[in-house]
Structure formats: C-alpha cells, structure tokens
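This report refers to the structure that appears directly beneath it.
Number of protein chains: 2
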Amino acid sequence: MLIVGEEINTSRPAVTEAVGKRDKGFITEIARKQVEAGAHYLDVNASTFLHEEPECLRWLVETIQSEIRVPLCLASNNPKAVSEALMRHEGQPMVNGVSLDPDHFAALAPVVGTKSCRVVAQCSSGKTPPETFEQKVQIGSELIEKLTAKGIALDRIYLDPCIQPMGVNSGMAITALEAMRELSNRYLGIHTICGLSGVSFGLPKRRLINSTFLAIAMAYGLTAAVLNPLDQQLMATVLAAEMILGRDDGCERYISAYQKGKV
Amino acid sequence: MLIVGEEINTSRPAVTEAVGKRDKGFITEIARKQVEAGAHYLDVNASTFLHEEPECLRWLVETIQSEIRVPLCLASNNPKAVSEALMRHEGQPMVNGVSLDPDHFAALAPVVGTKSCRVVAQCSSGKTPPETFEQKVQIGSELIEKLTAKGIALDRIYLDPCIQPMGVNSGMAITALEAMRELSNRYLGIHTICGLSGVSFGLPKRRLINSTFLAIAMAYGLTAAVLNPLDQQLMATVLAAEMILGRDDGCERYISAYQKGKV
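Chains as they are written, first to last, in numbering that gives the first Met the number 0: chain L, 0 to 262; chain E, 0 to 262.
Now the structure itself:
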C-alpha cells in the first residue's frame with residue numbers, strides 16, 4: 000500500500016503561515032514526521048496562494064527535498080506551478096492530477112506527459128464527479144485511454160474514483176468502489192488511489208468511518224491512499240488489512256510494527 | 000448483517016459455573032445484554048459438559064426463551080443435545096453446524112433436516128479445515144449439495160469458511176474469504192457466517208485485527224458473524240461498514256445509533 004501523506008496543504012492555516020514566511024524548519028519538520036510514520040510520498044498543495052502558487056510550490060519542493068529524500072505528490076490545477084515544480088523535483092514525482100474536463104486535460108496532460116511521473120487520473124469530467132457506476136466507468140475508461148494515448152503507461156496511472164461524502168448520498172462510496180474495481184480489472188496494471196477524509200464529511204465519528212472505509216477500499220483493490228500518516232489508527236488499519244489480505248508473509252511487518260509501538 | 004452473540008459458551012468459566020448451578024439470573028442477564036446490544040441470535044454452547052451436554056443445552060434453551068424472545072444458535076456436535084434442544088426451541092433456530100466429515104454429517108444432517116432451522120455449513124471434511132482455495136471450494140460445494148439433497152433450502156444454509164488463525168498461516172484468511180465469495184456466487188441465496196475471534200489468535204492487538212477483518216469480510220460478502228455484541232468497537236464497525244457498503248439509506252441507522260451512544 001502506497002501512503003501519500005496529506006499534511007503539507009495550505010488549506011491548513013499553520014501551513015499557509017509557514018509557506019508565507021518561508022519557514023523551512025516548520026515545513027521540513029512536518030515532512031520528516033510523516034516519512035517517519037510511514038509515508039512513501041508527501042502531498043504538497045499550495046493552491047490557496049493563487050497567483051503565487053508556482054513560486055510557493057517550487058519553494059516547497061526545493062525546501063523539502065534539500066533535507067529529506069522523499070518523492071512528492073504535486074497537488075495543483077495550475078500547469079505553470081506543476082511544470083516548474085517538476086523541473087526542481089528529484090526522483091519520480093506524482094501529480095494530482097488530471098481529469099476529463101476538457102480545459103483541465105488540455106492544460107495538464109502535456110505537463111505530466113513530459114516527465115516519467117506518476118499521474119492521478121481523477122474520475123470526473125466537470126465540477127462534480129459522475130454519480131452512477133456506468134458514468135464512472137465510462138469517464139474513467141475514456142480518461143485512461145486518453146492518458147495512454149499521450150504515452151503515459153498504465154503503471155504510471157493512479158485512478159482516483161473521486162468518492163463524494165456519504166452524508167450527501169449514502170450510496171456514493173460503494174458505487175465509486177465498484178467502478179474502481181471494474182476499471183482495475185479492465186485496465187490491468189493501473190493503480191488506484193483515493194483521499195480518505197472526504198467520505199466521512201458531515202458525519203459523526205469520522206475516524207471510525209475513515210478506518211473502516213480504508214479496510215473495505217483495500218478489499219476492493221485500492222493500492223494507494225492520501226491520508227494523515229500521523230493518525231496511528233489509520234496506519235495500524237493499513238498494517239492489519241495488508242496482513243488479512245495476505246500481503247504480509249508470516250505477519251512479519253505487523254508484528255515488527257507492534258514491537259516498535261506503531262500498532 | 001445478522002449478529003450471533005457468542006457470550007453464552009461454557010468455555011468461559013463464569014458460564015460453566017452458572018450452568019452447573021442452574022443460575023437462571025446470570026444466564027438471562029447475559030442474554031438480555033447481548034440482545035440489547037444488537038444480537039439477532041444468541042449462540043448457546045455447553046459442549047464442555049460432555050455427557051451432561053444434552054440436559055445443559057435443553058436447560059439453556061428453556062431458561063433463555065422463558066424470559067427473552069430471541070432465537071438461538073445451538074452450537075454442538077452432539078446429535079442428541081441438538082435434537083432435544085430443537086424440540087424445546089421457539090422460533091427459527093440455527094444449528095452450528097454440519098461439516099463434510101462423514102460421521103459428523105451422518106449424525107447431524109438428519110437432525111437439522113427435521114425442523115426448518117438455519118444450518119451452519121462448516122467448510123471442512125475432517126479435524127483440520129482444508130488449506131487451499133480449490134480444496135475449500137470443492138468441500139464447500141459438496142457440503143452444500145449434500146445439504147440441499149436432504150431438503151435444506153439454500154437460504155437456510157450459512158456457509159462458514161472456517162478461518163484459521165493468521166498467526167499459524169498468514170495466507171489463510173484471504174484464501175478462506177475468496178473461497179467464501181466464490182461459493183456465494185456459485186450458490187446464489189446462501190448466507191455466509193464466520194466467527195471472528197479465531198482469526199487473530201496468537202497475534203497482538205486482537206481487537207484491531209478483528210474489526211479490520213470484519214470490515215474486509217463484509218466487503219467479501221459476509222452476511223452473518225458470531226461475535227461479542229458487547230464489544231462496541233465491533234458493533235460500530237458493523238454499522239459503519241453497512242453504511243459504506245450502501246446498505247443504510249441516508250446513513251439513518253448509523254446516525255441513529257450514534258445518537259443513542261452506540262457508536
């Protein structure tokens with residue numbers, strides 16, 4: 000399971016302040032903690048800075064990678080910001096992401112095609128994601144085929160089924176998971192990814208919902224997740240689920256994590 | 000999700016003592032608590048009493064049902080004990096269970112065929128359950144066909160994939176779940192059931208494993224579980240998982256349980 004740490008996002012006021020002040024110590028500290036907790040990639044998102052986004056994203060990439068060897072997931076809809084950040088990035092980057100919205104696709108597909116980066120393919124063609132299983136599969140298929148036509152190999156694609164809050168429509172989570180499974184079977188080799196926090200938005204006991212959702216999504220074939228790796232309940236759920244799903248020979252990683260106090 | 004409360008089992012010393020003394024108050028209190036916590040059936044197991052098992056099981060059935068309207072799951076390998084308990088039982092009983100072991104099948108199949116009870120079909124043909132997917136599917140299929148040949152309709156059958164501890168073989172849980180899903184697809188209408196506590200035996204943080212396993216098993220199609228309904232983490236996981244799996248319109252049951260302090 001590929002873990003993308005979500006904590007470096009300027010939607011969080013403390014991160015906005017740190018980026019605004021170019022506070023290198025604060026940013027590298029959050030980065031280090033997430034990597035120590037088990038993140039394989041770190042999401043970096045400076046989209047609230049609007050016109051300054053390219054400069055902020057570039058600074059984040061340089062600042063984090065000057066201290067810590069970790070690849071980054073560039074979360075941005077701004078092709079200039081993504082393009083400039085990609086030029087500074089060391090290792091294999093991930094870009095989150097590209098959707099089937101014509102303007103969005105036209106702006107970002109050329110950028111992600113230029114470097115051998117991993118690409119999050121957002122299963123959406125406009126402002127709101129599709130609602131039915133058939134629509135999701137149709138849009139996901141079309142997007143995957145357009146990306147591969149641009150030379151992006153299937154194993155660089157991370158399909159995001161774009162799960163909307165269950166509080167808005169209680170059937171949305173399972174519809175999205177079923178579409179994700181169908182697309183994984185149809186396009187062998189693609190990865191799948193989703194953010195966790197959205198699914199429980201507006202409901203009580205969100206941590207219970209998020210960890211239960213994570214286990215179920217993994218059973219449906221989810222291979223990567225954007226989450227807070229400092230949430231020990233979530234990370235312990237990942238370890239337990241990988242063991243239950245038969246991906247932890249002799250339960251060694253689970254037991255080792257327990258011995259280190261991580262479960 | 001059908002919940003079978005597991006607490007009335009003479010493998011627990013307090014229950015053995017209560018059954019030995021015919022302590023009606025103690026037994027009905029555990030029964031009442033489990034039903035209040037959401038159990039639909041109560042497992043009753045007096046197998047440690049050996050030769051006195053028939054008398055003890057009969058007493059348990061009469062004692063519980065004289066106070067509480069709840070159907071029982073008779074957990075016994077003793078055909079005399081099952082047969083006598085069935086005669087006293089009101090409502091639709093469940094019997095746990097029948098395996099493909101020739102002696103076991105010959106002794107119990109006639110007993111469970113006589114009354115319209117629900118039958119747990121244990122996916123096993125001897126002392127240790129089969130290990131591979133193919134063996135499990137083969138044994139499960141043969142057992143289901145033998146039960147239906149005895150006039151037991153598919154919707155009375157609860158297939159138990161007999162999950163062995165992951166600490167013994169880390170691949171056993173997923174193999175059993177995959178076999179369970181295959182058999183559910185092959186014999187439309189059957190139910191599936193499993194006990195939870197065995198899967199985590201010998202591993203640390205068993206409650207984490209049990210609740211994660213429960214969510215994953217439900218994603219694989221599990222429709223009933225033998226568990227401790229007084230474990231609020233497990234019961235909250237059932238509610239969250241049913242909501243995520245699209246079986247809770249408008250999230251109403253989840254929110255209602257939260258308002259009652261059950262999540």
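We put the beta carbon where it would ideally sit given N, CA and C, even for glycine. Computed from a prediction, not measured in an experiment: that's the story for all the values here.
{"Item": "First through last residue of the beta strand (DSSP E) which encompasses residue 117 of chain E", "Value": "117 to 121"}
{"Item": "Expected contact under 8 Å - CB spacing of residue 227 of chain E and residue 6 of chain E to nearest Å", "Value": "6 Å"}
{"Item": "Candidates E:131, E:121 and E:241, of which the one nearest residue 171 of chain L by Cα", "Value": "E:241"}
{"Item": "Classification of residue 102 of chain E by the beta-carbon crowding that lies within 10 angstroms, buried from 16 upward", "Value": "exposed"}
{"Item": "Contact set for residue 87 of chain L: own chain, Cβ-Cβ below 7 Å, skip 5 residues either direction", "Value": "57, 60 and 61"}
{"Item": "Exposed unless 16 or more other CB atoms sit within 10 angstroms - verdict on residue 113 of chain E", "Value": "exposed"}
{"Item": "Straight-line Cα distance separating residue 30 of chain E from residue 225 of chain L", "Value": "43 Å"}
{"Item": "Beta-carbon proximity of residue 140 of chain E to residue 123 of chain E, cut-off 8 Å", "Value": "no"}
{"Item": "Identity of the residue in E:181, E:223, E:66 and E:107 nearest residue 37 of chain E by Cα", "Value": "E:223"}
{"Item": "Within-8 Å CB hit, residue 208 of chain L to chain E", "Value": "yes"}
{"Item": "Residue-level contact to chain E via CB, residue 193 of chain L, 8 Å cutoff", "Value": "no"}
{"Item": "Residue nearest to residue 167 of chain L in terms of C-alpha spacing, selected from E:183, E:137, E:95 and E:245", "Value": "E:245"}
{"Item": "Residue 194 of chain L - partner residues in DSSP beta bridges", "Value": "L:225"}
{"Item": "Neighbouring residues, chain E, relative to residue 204 of chain L (Cβ below 9 Å)", "Value": "235, 239, 253, 257 and 262"}
{"Item": "Chain L contact residues for residue 211 of chain E, given Cβ-Cβ distances below 7 Å", "Value": "214, 236, 239, 240 and 243"}
{"Item": "Segments assigned beta strand (DSSP E), at least 3 residues, entirely inside the region 82 to 170 of chain L", "Value": "93 to 98, 117 to 121 and 156 to 159"}
{"Item": "For residue 202 of chain E, the three-state DSSP class (helix, strand or coil)", "Value": "coil"}
{"Item": "Opposing strand residues paired with residue 40 of chain L [DSSP bridges]", "Value": "L:3"}
{"Item": "Residue 218 of chain E at chain L interface by Cβ criterion, 8 Å", "Value": "yes"}
{"Item": "Nearest-angstrom beta carbon gap, residue 151 of chain E and residue 111 of chain E [assumed within contact, 8 Å]", "Value": "7 Å"}
{"Item": "DSSP-derived helix/strand/coil call for residue 74 of chain L", "Value": "strand"}
{"Item": "Beta-carbon contacts of residue 162 of chain L that lie in its chain and below 7 Å, excluding the five residues immediately before and after", "Value": "171, 172, 175, 193, 197 and 198"}
{"Item": "Between the CA atoms of residue 105 of chain E and residue 51 of chain E - distance to the nearest angstrom", "Value": "22 Å"}
{"Item": "Burial state of residue 126 of chain E, where buried means 16 or more other Cβ atoms lie within 10 Å", "Value": "exposed"}
{"Item": "Chain E contact residues for residue 248 of chain L, given Cβ-Cβ distances below 7 Å", "Value": "169"}
{"Item": "Classification of residue 91 of chain E by the beta-carbon crowding that lies within 10 angstroms, buried from 16 upward", "Value": "exposed"}
{"Item": "Within chain E, partners of residue 172 of chain L - CB distance below 9 Å", "Value": "242, 243, 244 and 245"}
{"Item": "Closer than 8 Å to chain A by CB, residue 165 of chain E", "Value": "Protein chains in the displayed structure are L and E, and chain A is not among them."}
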